[in-house]
Amino acid sequence: GQSLEQPSEVTAVEGAIVQINCTYQTSGFYGLSWYQQHDGGAPTFLSYNGLDGLEETGRFSSFLSRSDSYGYLLLQELQMKDSASYFCLGRTGFQKLVFGTGTRLLVSP
Amino acid sequence: DTAVSQTPKYLVTQMGNDKSIKCEQNLGHDTMYWYKQDSKKFLKIMFSYNNKELIINETVPNRFSPKSPDKAHLNLHINSLELGDSAVYFCASSQGVAGGTYEQYFGPGTRLTVT
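Encoded structure:
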């Protein structure tokens, strides 16, 4: 089956840089998006990679390498408010969408 | 103005009942989705409609039936509710044809509890 794997939990301190990986076990990959979800809230869009390479949006950057079957979200200058769950969302085929397993990020002072 | 709204926000019901969740978006988007998030926070797509046409229909029990009366609305009807249906259901919308490549806007979610 198709799956996008993420680490279940990552911890870091304020001001640090953290990378959340998303690896997939499927053939054919057309793009990767990232979403943030605070406890009790709805997912909100962070970034999208349609092509290989790095996309930068403020403190958040996202990277995709389709040949290596992985992508990552990079969060810089971490703030307490970044504590949340992060999900990758992959387009794995024609009108086939799969969410990653999700990563809970805990930022401490 | 709320971009994607869902009603109700909370729904508590007994096994065997039939219930509906409504979703509306005022963004002018062509595509709408239903997702299920279970107790372990796994998000799974259930359905997607583009301009009232069903384009994604994942392996979901046929007790779940989506209906899109127009492109701004996508409702979810669930028959014969089971304990395993307890979850948070999210509606979302995006511009363009469903492909995951467009930014999706999520509603606030409906927490369904089946007792």
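Listed in order, the protein sequences are those of chains P and H. Numbered per this note's numbering, the first sequence finishes at 109, counting up by one with no gaps. Numbered per this note's numbering, the second sequence finishes at 1115, counting up by one with no gaps. The beta-carbon is built from N, C-alpha and C at its ideal position, and this holds for glycine as well. The model shown is predicted, which means the values in this text are computed figures rather than measured ones.
**Asked** So, helix, strand or coil for H:K1067, using DSSP?
**Response** Taking the second sequence and counting its residues from 1, the one referred to as residue 1067 of chain H is at position 67. Three-state DSSP puts H:K1067 in a strand.
**Asked** So, using beta-carbon positions, are P:R47 and P:F29 closer together than 8 angstroms?
**Response** Here the question's residue 47 of chain P lines up with position 47 in the first sequence. Here the question's residue 29 of chain P lines up with position 29 in the first sequence. The displayed chain sequence assigns Ser, not Arg, to residue 47 of chain P. No; because the gap between Cβ atoms is not below 8 angstroms, this pair is not in contact.
**Prompt:** Do you know offhand how far H:F1064's Cα is from P:C22's?
**Reply:** Locating residue 1064 of chain H in the second sequence gives position 64, counting from the first residue. Locating residue 22 of chain P in the first sequence gives position 22, counting from the first residue. Whole-angstrom Cα-Cα distance: 30 angstroms.
**Prompt:** Which two residues bound the contiguous beta strand (DSSP E) that contains H:K1044?
**Reply:** Within the second sequence, residue 1044 of chain H is the residue found at index 44, counting from 1. DSSP places H:K1044 in the uninterrupted beta strand (DSSP E) bounded by L1043 to N1050.
**Request:** Check the DSSP bridge columns for H:M1120 and list the partner residues they point to.
**Result:** The structure shown does not extend to residue 1120 of chain H, since chain H spans only 1001 to 1115, so no value can be given for it.
**Message:** Just list the residues that DSSP pairs P:Y72 with in beta bridges.
**Reply:** Taking the first sequence and counting its residues from 1, one reaches residue 72 of chain P at position 72. Partner(s): P:N21 and P:F63.
**Request:** Taking H:S1020 as part of the beta strand (DSSP E), name the residues at either end of that continuous run.
**Result:** Here residue 1020 of chain H refers to the residue found at position 20 when the second sequence is read from its first residue. Its beta strand (DSSP E) spans residues K1019 to Q1025.
**Item:** With 16 other Cβ atoms within 10 Å as the buried cut-off, status of H:E1024
**Value:** Position 24 of the second sequence, counting from 1, holds the residue named residue 1024 of chain H. Buried, because 16 or more other Cβ atoms sit within 10 Å of the Cβ of H:E1024.
**Message:** Could you tell me the alpha carbon to alpha carbon distance between P:S51 and H:G1016, rounded to whole angstroms?
**Reply:** For this step, residue 51 of chain P is matched to residue 51 along the first sequence. For this step, residue 1016 of chain H is matched to residue 16 along the second sequence. For the sequence presented, residue 51 of chain P should be read as Leu rather than Ser. Approximately 47 angstroms between the Cα atoms of the pair.
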